[in-house]
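Note that the sequence shown ends on residue 293 in numbering that gives the first Met the number 0; no numbers are left out.
Remarks on the structure that follows.
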Amino acid sequence: MEIAFSNDAISAEYKRWSCQVDADDQCDTRDTIGVLDVLRAHFLIADYFFGKESGLGGIGPRDLNLLHSAVYRQFVAYSGLAKWKTSYEKAATLVFGLVTDHPFHDANKRTGLLTYLYALHKMNRYPTNGQNNLEDFMVEIAERSLTKYRRMKDLAKREDDADVLFIADYLKRNSRERDSRYYTITYHELDRRLRDFDHCLSNPHKNFIDVCRIHRVREFGLFGKRIEKLVTVAQIGFPGWKSQVGKGAIATVRRQTRLTPEHGVDSAMFYRGADPLNALIAQYEGPLQRLAFR
């Protein structure tokens, strides 16, 4: 997957680390999160908050072995039998490892939260608890203070890995099946998707942006230089490139560009390749920002 960073230095640092991980990430499966997934989450957070007060004090892993160790927790087995049976348990042990083992110089709780949300995304589920609750939950994991919950106290009496089992139960209880007819996406990602279909976003002005069809012509006939002419087909609200696009705006864009199932472009085709981590960061900007100070 092509990763779009807005900061060149962060992009270069991501490439430096990612090239040390096998491109065929064996940890990335249908129900587990890969090493590259976690790296991408961390560096996208760094990119999103770069230059802000809630930026990172240090970027990247402290040690790649620590990161591998946190990710490999999902695959622990004894006598050939997997320790963690469900997708919830696998996600829970990974989040616990990221938040408590500190594989990164900074933003371990933020990377843990984004990984938590991405795991739910892969399960086709959506969190039902509020953003403040999720923020507090990451802090409670980091501080090992989950014993404030009665269910955790009961688990701790009979289970050695009570923290992980409690987080897994929390993931399941505080989520629901996602409406798969709509996928979250940022304006930046939307522009990239539209360009695959000879459309784009252009001319942001006064909190609006134009949706345009790209018309390619030759400047001086058959042998002239090819140039692009933009033809505006719609206009939508525009809070910023890294913000999440609302359902109404997506519907307008797809209708006006004729990128709909009726015209041979279903949601799977339209969203193909879009990185859900970007949209999750935009959607959960508040808690991801506040965790920098907790």
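For every residue, glycine included, the Cβ atom is placed at its ideal position computed from N, Cα and C.
Where the beta strand (DSSP E) containing residue i begins and where it ends
i, result
"Y125", "124-126"
"S174", "174-176"
7 Å Cβ cutoff met for residue i and residue j
i, j, result
"A69", "L97", "yes"
"Q315", "V232", "Given that the chain is displayed from residue 0 to residue 293, the structure contains no residue 315 and the question cannot be resolved."
"L290", "K89", "no"
"F237", "I208", "yes"
"A141", "I44", "no"
"L189", "V244", "yes"
"A40", "T110", "yes"
"T185", "A267", "no"
"P286", "Q73", "no"
"L307", "F196", "The chain is shown from 0 up to 293; residue 307 falls before or after that span and cannot be answered."
"M137", "L113", "no"
"A273", "R150", "no"
Residue-level contact to chain D via CB, residue i, 7 Å cutoff
i, result
"A11", "Absent here is chain D; the protein component of the structure consists of one chain."
Cross-strand partners of residue i (DSSP beta bridge)
i, result
"L116", "Note: L116 sits in no beta bridge, so no partner."
"D159", "Note: D159 sits in no beta bridge, so no partner."
"C211", "C199, T231"
"L80", "Y77"
"T28", "T31"
"V20", "Answer by DSSP bridge pairing: none, since V20 is not bridged."
"H104", "In DSSP, H104 forms no bridge with anything."
Residue span of the alpha helix (DSSP H) that contains residue i, given as start and end
i, result
"R194", "186-194"
"S68", "63-71"
"I9", "7-17"
"D135", "130-141"
"T99", "86-100"
"D36", "34-47"
Cβ neighbours of residue i in the same chain (closer than 7 Å, five flanking residues each side left out)
i, result
"F49", "N6, I9"
"D24", "G33, V34, L35"
"K82", "V75, A76"
"S86", "D30, M122"
"R175", "R124, Y125, T127"
"T251", "A233, I235"
"N202", "I208, D209"
"C211", "H198, C199, S201, L229, V230, T231, V232"
Residues near residue i by beta carbon distance below 8 Å, same chain, minus five either side
i, result
"D62", "P102"
"L38", "Y13, W16, S17, V20, P60, L66"
"R338", "Nothing in the structure corresponds to residue 338, since the chain is present only between 0 and 293."
"D46", "F4, S5, N6, I9, S10"
"Y71", "C26"
Cβ shell of residue i (< 6 Å), same chain only, five flanking positions each side left out
i, result
"A161", "L154, A155"
"G56", "D105"
"L116", "L279"
Closer than 6 Å: residue i CB and nearest the ligand SAH heavy atom
i, result
"K147", "Looking for the ligand SAH in the displayed structure turns up nothing, as the structure carries no ligands at all."
Whole runs of the beta strand (DSSP E) within the region 221-285, excluding any shorter than 3 residues:
225-236
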